[in-house]
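Written below as structure tokens is the structure these notes are about.
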Amino acid sequence: MPFGVAHPLLRYIAQFATTSFYSRIEVINGDQVPEHGPVIVLSNHHNSAVDPSVLSIKFPHGRMLHYWAKSTLFNNKIAGSILRSAGNLSVDRKTRDNSLLFASTFDVLKQGECVALFPEGTSATLPGLLPQLKDGASWAALEYHKNVREKGRLLSNGIDSVDEDPQELTICLAGISYTDKSKYRSAVVMEFGPSFNVGPFLDEFEVDPKAAVKRMTKHIAEALTKLTVNAPDWDSLNAATMARKMLWVDERSIPLRHLVQIGQTLVDLFATRTPSPELRQLTNLLLAYHKALKDTSFTHYSLSGVPLPDKLDPNNKHDLPTRMRVLGHLLLSTGKAMLRLPFFAAPLIVHMPIYLMGKYSLRFSDLQEDHAQNKIAVCLILSMATYVTLFFLAWAFLFIAPFGFILAAIFVWLFAVYHNSLVDDNYLGAKKVVASWRVLVGIWSAHAKHETLHQIHSLQRRFPSTSISNGFSSETTSTTQQRTSTEVMSMPLLHEDNVSDESNPIRRVLSLRVEASAALGEFLLGDEEGKRVARRLEEWGAKVRKVRKEVSAGQGAGSVRLE
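For the sequence shown, position 360 matches number 360 in UniProt numbering, and the numbering has no gaps at all.
So this is what it looks like as structure tokens:
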């Protein structure tokens, strides 16, 4: 079944949209995919339409992929024509005859082409692979060999045949992982594991087909597990994610080649069934910090510019950044953003409606696995309209010039490249400026509250027989003075240390950031298990050696500083 004109067109559109949304897409071990011959590639599926998009545009050797589609979608002539031209294969799920169910799949495999399947069966946001994979891929692979043995070169229509004897089928496995799958300008890695053929399962398939299929599906699940990050629960995964973000402050410094190893190492640490008290405390702090970030709509990277206190000890109370310190950071980050702004002003103005609609698209679905695809789809439509308009404006301006059409096309392409080359630094800078403003407001309002409470505390000390109410005015009658004096003296003394961070979410997220950072440093330095994990993480680029022990000046207790 040859591909039609729709496939390269859709593939180009998918490449433009996906590479615009994600900053990096890296392929590892692409040599596991053969350049020629029939292939079934199996992948995990946690990001809806984005997964097949990444798989298609980055599949090694530029090989094109067929996907399964329900046969009912082909009933409409126009839709069916587009689906076939795009390379989709009709699958009749109602039939119990596997030769009919997989007929179109057998045809393309005999022609030496590739079929991509997702054995999880559906896209979902989970801490790991679905516990039970579907058997469809195993059935298709084993039935294909049976079909080749019985029918040879003959295709499913009983008339046509391929020119050469069908080659042996290769099963390839791809794990697709994201640094943050729904976030704009995050990164993707697609890692291929060792490929295999179905030979070891054929003899059993002749005797007991269901048992052979189950065994092959189990083998596929084990292989995909090694290519992805899998946690037993959300707490382990969220704690591991927060620790990774603290150890790689700049997301762009994460080595994608080792992303899965980093994630799984941290997950295994926090999924320990019998954690030590130190590890349990660290886990609780990381989870609390994760929740506080979510509640305040901050990201850890946007707060990365707000300096931590020099001395951190998870057993002691920590001072938050002062107003002047945050104000200084705000002025610095704003200054840097303003220096970059003139170079990014034109792309910013042109793309602002696209950015806003991408944010608005989050309302279309509550499912996290749909967020990226919705953002990409909405922004793709707006981008196409924007760039078409920009092209015609440029063409009209260059109409009198020779080859104005070509010059306008080149201008639009260069404009898109220029935007993508500058957007990362400007996007991160803008998030840091907004975060700094919010932190400043939170710190300022918190200090104002503390100063008011301190004044009340001072008045309680200086004027024990005076009522403090309505602008601190005193009542004149002796009876009232005696009553209010008793009430005021019975009130607990107020001090800013008694104010809970719960009343100020920004203070809370900053406090948890300090305490979680301190606890992480303390664990990596002081615990034997932590040291073992730290050595592995350091091999992959974690800034573990920049965490160093210090002696707390006032108490002689160990503390750490995260630089």
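Just so you know, even glycine gets a beta-carbon here, dropped at the ideal spot from N, CA and C.
As the structure is a computational prediction, the values presented were derived from the model and not from experiment.
When only Cα atoms are considered, Val27 and Glu206 end up about 37 Å apart.
Pairwise C-beta distances place the region 5 to 16 out of contact with the region 331 to 349, as fewer than three of them are shorter than 8 Å.
If you look at Phe192, you'll find it in the beta strand (DSSP E) that goes 187 to 192. Beyond the five residues adjoining it in sequence on each side, Val249 comes within less than 6 Å, by CB distance, of Ser304 in the same chain, given in chain order.
When Asp107, His7, Asp51, Tyr178 are compared, the shortest CA-CA separation from Glu120 is found for Asp51. With a minimum length of 4 residues, the unbroken runs of alpha helix (DSSP H) contained wholly in the region 111 to 186 fall at 136 to 151. In the assembly as shown, Val388 is an exposed residue. Its beta-carbon has fewer than 16 other beta-carbons within 10 Å.
Between Val162 and Lys110, the gap from beta carbon to beta carbon is short of 8 Å. When C-alpha distances from His66 are compared across Leu100, Thr122, Thr105, the shortest belongs to Thr105. The three-state secondary structure of His419, taken from DSSP, is helix.
Bounds of any beta strand (DSSP E) do not take in Glu278; it lies within the alpha helix (DSSP H) bounded by 277 to 296.
In the structure shown, Lys226 adopts helical secondary structure according to DSSP, grouped into three states. Counting along the chain, Lys77 sits inside the alpha helix (DSSP H) bounded by residues 77 to 85.
Each of Leu537, His36, Ser421 was checked against the Cα of Cys172, and the nearest Cα belongs to His36. In terms of Cα proximity to Val417, the closest of Arg11, Pro2, Ser23, Phe3 is Ser23. Here the region 385 to 401 makes no contact with the region 291 to 298; the two share fewer than three CB pairs at distances below 8 Å. Boundaries for Leu89: no alpha helix (DSSP H) harbours it, while the beta strand (DSSP E) harbouring it runs 89 to 91, taken from the DSSP string. Taking C-alpha positions only, Leu9 is separated from Pro2 by approximately 15 Å.
Between Leu367 and Thr122, the gap from beta carbon to beta carbon reaches 8 Å or more. Bounds of any alpha helix (DSSP H) do not take in Trp248, whose DSSP letter is neither H nor E.
When C-beta atoms of the region 372 to 379 are compared with those of the region 351 to 358, three or more pairs fall below 8 Å, so the two segments count as touching. Phe118 and Arg149 have their C-alpha atoms some 26 Å from each other. Counting C-beta pairs with one atom in each stretch, the region 130 to 143 and the region 79 to 88 have fewer than three that are closer than 8 Å, which means they do not touch. DSSP lists Cys114, Thr170 as the bridge partner or partners of Val39. Residue range 24 to 28 is occupied by the beta strand (DSSP E) that includes Arg24, with no alpha helix (DSSP H) assigned at that position. Beta-bridge annotation (DSSP): Phe196 is paired with Ile171.
For Leu269, no beta strand (DSSP E) run applies; the uninterrupted alpha helix (DSSP H) run containing it begins and ends at 259 to 270, by DSSP. Shortest Cα-Cα distance from Pro127 to any of Gly152, Leu256, Ala239 involves Ala239. If the five residues before and after Asn420 are omitted, its C-beta is found closer than 7 Å to the C-beta atoms of Ser20, all from its own chain and listed in chain order. C-alpha of Leu202 to C-alpha of Gly4: approximately 34 Å in a straight line. Distance from the Cα of Ala221 is smallest, within the candidate group Asp233, Ala271, Gly193, for Gly193.
Note on Phe343: under 16 other CB atoms within 10 angstroms of its CB, so exposed under the neighbour-count rule. In the three-state reduction of the DSSP assignment, Leu65 falls in the strand class, which pools E and B. Straight-line measurement puts the Cα of Thr334 at about 11 Å from the Cα of Ala435. DSSP places Ser511 inside the alpha helix (DSSP H), whose first and last residues are 505 to 526. Straight across, the Cα-Cα distance linking Ala518 with Leu524 is about 10 Å.
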